[in-house]
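Counting in numbering that gives the first Met the number 0, the sequence shown runs from 0 upward without gaps.
Ideal placement from N, C-alpha and C gives every residue a C-beta, glycine not left out.
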Amino acid sequence: MNLKVIEKINLLTNNKLIIWLNIWALVIFLGLVLVGIYAMGEFEIFPKEEKTLLFILYMVLRVLLFCCSFIVLLVLHELIHGLFFKVFKPESKVKFGFKNGMAYAASPGSIYPRIPFFIIIIMPFIIISALLSIISLFGIDSTFLYLLFACHTSGCVGDFYYCYLLTRKKGKIYIEDTEVGIDIYEETA
Numbered sequence: 000m001n002l003k004v005i006e007k008i009n010l011l012t013n014n015k016l017i018i019w020l021n022i023w024a025l026v027i028f029l030g031l032v033l034v035g036i037y038a039m040g041e042f043e044i045f046p047k048e049e050k051t052l053l054f055i056l057y058m059v060l061r062v063l064l065f066c067c068s069f070i071v072l073l074v075l076h077e078l079i080h081g082l083f084f085k086v087f088k089p090e091s092k093v094k095f096g097f098k099n100g101m102a103y104a105a106s107p108g109s110i111y112p113r114i115p116f117f118i119i120i121i122m123p124f125i126i127i128s129a130l131l132s133i134i135s136l137f138g139i140d141s142t143f144l145y146l147l148f149a150c151h152t153s154g155c156v157g158d159f160y161y162c163y164l165l166t167r168k169k170g171k172i173y174i175e176d177t178e179v180g181i182d183i184y185e186e187t188a
């Protein structure tokens, strides 16, 4: 099999791309918040209670719980990527890290066909969205869960970008995961 590079995507150090992805993440987040407000009537982020010391402590704990929950989702998100890297290429090495404000899972040097790589990229969004939906069935604060969903979904913008790129390419393509992004190859005769 002969492969020819048709595109190199540097997601970790391409500042122009990072800015555009952050703008899209903000648009996604704000869009989801507006949809949530419309669907739920209003968000009860801060209950309308007396502003006592106990209330302030409650709100601080609520914000801390949200931040901790979001960090857990980030770790889970990257572990899901890592799991699916291994599902499709058990011999591959998976690296986890944090660079330029972005958590990542990578399998540098591993080459995957389009569909398996698409699955690797999209599964954290699907699994975590389903998990948050299931948790909501147990009566957990819907505003809290929806804001986690909105934050996570907007944080998936890099994954969505990769999926977009993969759907725009024609023919039989392969994707190599690199230290800074992906290289897209086409099969040549």
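How many Å lie between residue i and residue j at the Cα?
i           : j           : result
residue 33  : residue 125 : 21 Å
residue 127 : residue 60  : 23 Å
residue 18  : residue 31  : 20 Å
residue 168 : residue 101 : 26 Å
residue 158 : residue 12  : 16 Å
residue 108 : residue 6   : 15 Å
residue 36  : residue 150 : 15 Å
residue 63  : residue 177 : 34 Å
residue 56  : residue 50  : 10 Å
residue 198 : residue 0   : Since the first and last residues shown for the chain are 0 and 188, residue 198 lies out of range.
Can you list, in chain order, the residues of its chain whose CB lies under 8 Å from that of residue i, leaving out five sequence neighbours each side?
i           : result
residue 141 : 39 and 135
residue 65  : 143, 146 and 147
residue 99  : 11, 12 and 17
Measure the CB-CB distance between residue i and residue j and report whether it falls below 8 Å.
i           : j           : result
residue 2   : residue 173 : yes
residue 179 : residue 23  : no
residue 97  : residue 104 : no
residue 117 : residue 78  : no
Since I believe residue j is in contact with residue i (beta carbons under 8 Å), could you give me their beta-carbon distance rounded to a whole number of angstroms?
i           : j          : result
residue 87  : residue 93 : Not quite, the Cβ-Cβ distance comes to about 11 Å (not below 8 Å), so this is no contact.
residue 121 : residue 80 : Incorrect: roughly 10 Å between the Cβ atoms, too far for contact.
residue 91  : residue 68 : The Cβ separation is near 30 Å, so there is no contact.
Looking only at its own chain, which residues have a Cβ that is under 6 Å from the Cβ of residue i, when we skip the five neighbours before and after it?
i           : result
residue 110 : 173 and 175
residue 115 : 87
residue 171 : 186
residue 70  : none
residue 113 : 165 and 172
Excluding the five sequence neighbours on either side, which residues of its own chain have a C-beta within less than 7 Å of the C-beta of residue i, listed in chain order?
i           : result
residue 131 : 144, 147 and 148
residue 27  : 152, 153 and 156
residue 9   : 179 and 180
residue 75  : 127
By a C-beta neighbour count over all protein chains shown, 10 Å radius and 16 as the cutoff for buried, is residue i buried or exposed?
i           : result
residue 183 : buried
residue 72  : buried
residue 89  : exposed
residue 123 : buried
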